[in-house]
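These notes concern the structure reproduced below.
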Amino acid sequence: MELTLASAGESHGPALVAIVGGLPAGLELDRDAIDADLRRRQEGYGRSRRQQIERDRVEVLAGLRHGRTLGTPLALVVRNVDHKNWTWGMSPWPPEGEPSGKGIKPVTLPRPGHADLAGVLKYGHDDVRDSLERASARHTAVHVAAGAVAKALLAGIGIAVRGAVVDEEGLRRAVDEARKERDTVGGVVEVRATGVPPGLGSYATKEDRLDARLAFALMGIQAVKGVEVGDGFALAAMRGSQAHDEIRPDRRRDTNHAGGIEAGVSNGEEIVVRAAMKPLPTLMKPLASVDLVSGEAGQALVERSDVAAVEALAVVAEAAVAWELAGAAREKFGGDALEDFVAAHRAYLERIQWA
Ligand code: EPS
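Under the working numbering, residues 0 to 354 are what the sequence shown spells out, in order.
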């Protein structure tokens, strides 16, 4: 059983949408729990005034009845409240009436570090906005909603996933300083998953490797430039005798340098992954750029933006890891009904006698 996710949505368009396939029937979803994750994603330190405009809430259009999944595609929507200020500028159809609101003037000064330049070259756009709207991290909202669904599924087999900023105090200090200097900052987040049984993922092919899948999922999040599993880069400087986690008679480990994954397979220890986020590229003191129409040197686009979105990344990375673990669990335990999935998990733990 393959878990699938397709998403669409521009930052200032009408809405963000996701279609989730491969869920078992009978999974109970709690709207408040999904909305709580959407709220956590919005609350981070250093976010822009945009977050005071948005009150992200999930809507479900299909796949759910009376709070339980039907085993059919689940359609999720998160609306962009800010769209009301962009109805002409981001109208999906040719806009009617006089231009008004935001987004009516083409953006021609690409920001270094954003999708702007590569996007217009690749797709042949005349307006950088045609690229930046989708490249924006705004659509992580609907991925967080999907991640909350994945967490509900994982909870059924005792797996919990939590993301956090690695140095929250340091980040807040850095945000305060950067805000004064009208600059931006990045940071590092860590996601931990407990209750993961040994045997999720496989060494059989690179596509099956759980570490590869988690790295792909994390690197797929906007502004992420580095990913580590367990001790990651630090392992390169260790001796083999220090780097590996000795196996006790009960098959557990006292150390977890591997971050819960060996040879692409979960080993029953806590999964630990980290993602490094670059500083956001929209700068209030812009960097050098080029005007794509005149060809003259200029300064990059300045528009409302965040000083940092690292706390948001912790929530988005949590959702991404939950999503991948849920996918790997669906592949291993299958089942059309939630009960079948849970029973297959229980039978597996009995076979390997894993407490
Ligand atoms: C973003 C720019 C900002 C962020 C946005 C991502 O939006 P705006 O340009 O409307 O101020 O707030 O993130 C969100 C809206 C969100 O909900 O995460 C960007 O360029 O990536």
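Beta carbons: idealized from backbone N, C-alpha and C, even for Gly. What you are looking at is a predicted structure, and each value in this text was computed from that prediction instead of being measured.
### Query
Do you know whose CA, among Gly88, Pro93, Leu37, Pro94, lies nearest Lys101's CA?
Your numbering for residue 101 matches position 102 in the sequence shown. Among Gly88, Pro93, Leu37, Pro94, the Cα nearest to that of Lys101 is on Gly88.
### Message
For Trp322, which residues in the same chain have their Cβ closer than 8 Å to its Cβ, ignoring the five residues on either side in sequence?
### Response
If you number the sequence shown from 1, residue 322 lands on position 323. Answer for Trp322: Leu2, Leu4, His142, Ala145, Gly146, Ala149, Ala216, listed in chain order.
### Query
Would you say the beta carbon of Ala14 comes nearer than 7 Å to a heavy atom of the ligand EPS?
By one-based count along the sequence shown, residue 14 stands at place 15. Answer for Ala14: no, Cβ out of range of the ligand EPS.
### Message
Please enumerate, following chain order, all residues with a beta carbon closer than 5 Å to at least one heavy atom belonging to the ligand EPS.
### Response
Ser47, Arg49, Ser135, Ala136, Arg137, Arg303, Ser304
### Query
Residues in its own chain within less than 6 Å of Gly20 by CB, not counting five upstream and five downstream?
Residue mapping note: residue 20 aligns to position 21 of the sequence shown, counting from 1. Only Thr3, Pro72 meet the Cβ criterion.
### Query
What's the C-alpha gap between Val174 and Ala275?
The residue you call residue 174 lines up with position 175 of the sequence shown. The residue you call residue 275 lines up with position 276 of the sequence shown. Cα to Cα, the separation comes out at about 16 Å.
### Query
Are at least three pairs of beta-carbons, each pair with one atom in the segment 109-121 and one in the segment 11-20, less than 8 Å apart?
no
### Query
How would you label Ser240, buried or exposed, when you count the other beta carbons within 10 angstroms and need 16 or more for buried?
The sequence position of residue 240 within the sequence shown is 241, counting from 1. The residue in question, Ser240, is exposed, as its Cβ has fewer than 16 Cβ neighbours within 10 Å.
### Coarse secondary structure for Arg30, derived from DSSP in three states
Counting from one through the sequence shown, the residue named residue 30 turns up at place 31. It is helical.
### Query
Which residues mark the beginning and the end of the beta strand (DSSP E) in which Thr107 is found?
In the sequence shown, residue 107 corresponds to position 108, counting from 1. First-last for Thr107: undefined, no H or E at that position.
### Query
Going along the chain, which residues of its own chain have a beta-carbon closer than 7 Å to the beta-carbon of Ser99, five neighbours each way excluded?
For the purposes of this step, residue 99 is identified with residue 100 of the sequence shown, where counting begins at 1. These residues qualify, in order along the chain: Trp87.
#### Entry: Nearest neighbour of Thr139, chosen from Asp230, Asp253, Gly8 [CA to CA]
Translated into the one-based positions of the sequence shown, residue 139 becomes position 140. Taking only the C-alpha atoms, the option nearest Thr139 is Gly8.
### Query
For Arg208, which three-state DSSP category applies?
Here residue 208 refers to the residue found at position 209 of the sequence shown. In this structure, Arg208 counts as coil in the three-state DSSP scheme.
### Query
Can the beta-carbon of Gly231 be found closer than 8 Å to that of Arg273?
Translated into positions along the sequence shown, residue 231 becomes position 232. Translated into positions along the sequence shown, residue 273 becomes position 274. Cβ distance < 8 Å, so Gly231 and Arg273 count as in contact.
### Task
Return the chain-ordered list of same chain residues with a C-beta closer than 7 Å to the C-beta of Arg48, the five sequence neighbours on each side being excluded.
For the purposes of this step, residue 48 is taken as residue 49 along the sequence shown, with counting starting at 1. Answer for Arg48: Arg303, listed in chain order.
#### Entry: Endpoints, the alpha helix (DSSP H) within which Glu310 is located
As a position in the sequence shown, residue 310 is number 311, starting the count at 1. Segment 309-332, the alpha helix (DSSP H) holding Glu310.
### Task
Just confirm the distance between the C-beta atoms of Arg161 and Arg191, as a whole number of angstroms; I'd bet it's less than 8 Å.
On the sequence shown, position 162 is the one that residue 161 refers to. On the sequence shown, position 192 is the one that residue 191 refers to. Yes, they are in contact, since the Cβ atoms of Arg161 and Arg191 sit about 6 Å apart, within 8 Å.
#### Entry: Proximity of Ala299 and Arg54 at Cβ, strictly below 8 Å
Taking the sequence shown and counting its residues from 1, one reaches residue 299 at position 300. Taking the sequence shown and counting its residues from 1, one reaches residue 54 at position 55. No, they are not a contact pair.
### Task
Can you tell me which of Ile220, Ala61, Asn266 puts its alpha carbon nearest to the alpha carbon of Gly229?
Position 230 of the sequence shown holds residue 229. Minimum Cα distance to Gly229 is reached at Asn266.
### Message
Pull the bridge partners of Met0 from the DSSP assignment, please.
### Response
Position 1 of the sequence shown, counted from the first residue, corresponds to residue 0. BP columns for Met0 are empty, so no partner.
### Query
Any heavy atom of the ligand NAP within a distance shorter than 7 Å of the CB on Val190?
Within the structure as shown, the ligand NAP is missing, the only ligands being the ligand EPS.
### Message
Using CA atoms only, rank isn't needed, just tell me which of Arg30, Tyr44, Gly326 is closest to Asp166.
### Response
For the purposes of this step, residue 166 is identified with residue 167 of the sequence shown, where counting begins at 1. Minimum Cα distance to Asp166 is reached at Tyr44.
### Assigned exposure category for Ile85 - 16 Cβ within 10 Å defines buried
Position 86 of the sequence shown holds residue 85. Note on identity: in this sequence residue 85 is Trp, with Ile being the wrong assignment. Buried, since its Cβ has 16 or more Cβ neighbours within 10 Å.
### Query
What are the boundary residues of the beta strand (DSSP E) that includes Val306?
The sequence position of residue 306 within the sequence shown is 307, counting from 1. First-last for Val306: undefined, no H or E at that position.
### For Leu152, the first and last residue of its enclosing beta strand (DSSP E)
Position 153 of the sequence shown, counted from the first residue, corresponds to residue 152. From DSSP, Leu152 is part of no beta strand (DSSP E) but of the alpha helix (DSSP H) over 139-154.
### Task
Kindly give me the distance between the Cβ atoms of Glu42 and Arg67, rounded to whole angstroms, as I take these residues to be in contact under 8 Å.
In the sequence shown, the residue the question calls residue 42 occupies position 43. In the sequence shown, the residue the question calls residue 67 occupies position 68. Their Cβ separation, rounded to whole angstroms, is 29 Å, which puts Glu42 and Arg67 out of contact at 8 Å.
### Query
Are Ala318 and Phe332 close, meaning C-beta to C-beta below 8 Å?
Here the question's residue 318 lines up with position 319 in the sequence shown. Here the question's residue 332 lines up with position 333 in the sequence shown. Going by C-beta atoms, Ala318 is not nearer than 8 Å to Phe332.
#### Entry: Where Leu279 sits in the DSSP three-state scheme
As a working mapping, residue 279 is identified with position 280 in the sequence shown. Coil, per DSSP.
### Task
Would you please state the rounded distance, in angstroms, between the beta carbons of Ala74 and Leu337? I believe it to be under 8 Å.
Taking the sequence shown and counting its residues from 1, the one referred to as residue 74 is at position 75. Taking the sequence shown and counting its residues from 1, the one referred to as residue 337 is at position 338. Between Leu337 and Ala74 the Cβ distance is about 19 Å, and since that is not below 8 Å, they are no contact.
### Query
Lys277: which of Ile246, Leu63, Val80, Lys224 sits nearest, CA to CA?
Here residue 277 is taken as the residue at index 278 of the sequence shown, counted from 1. Selected option, being the one with the closest Cα: Lys224.
### Task
Go to Ser130, then tell me how far its alpha helix (DSSP H) extends in each direction, as first and last residue.
Counted from its first residue, the sequence shown places residue 130 at position 131. That run of the alpha helix (DSSP H) goes 128-134.
#### Entry: Contact set for Ala316: own chain, Cβ-Cβ below 7 Å, skip 5 residues either direction
Counted from its first residue, the sequence shown places residue 316 at position 317. Contacts found: Gly162, Val188, Val190, Leu217, Ile220, Ala274.
### Message
What ranges does the alpha helix (DSSP H) occupy inside the segment 224-267, keeping only unbroken runs of at least 4 residues that lie completely in it?
### Response
239-242
### Query
So what does Val117 bridge to, in DSSP terms?
The sequence position of residue 117 within the sequence shown is 118, counting from 1. For the sequence presented, residue 117 should be read as Ala rather than Val. BP columns for Ala117 are empty, so no partner.
### Query
Are there 16 or more other CB atoms within 10 angstroms of the CB of Ile260, so buried, or fewer, so exposed?
The count along the sequence shown starts at 1 and reaches residue 260 at position 261. The residue is buried, with at least 16 neighbouring Cβ atoms inside 10 Å.
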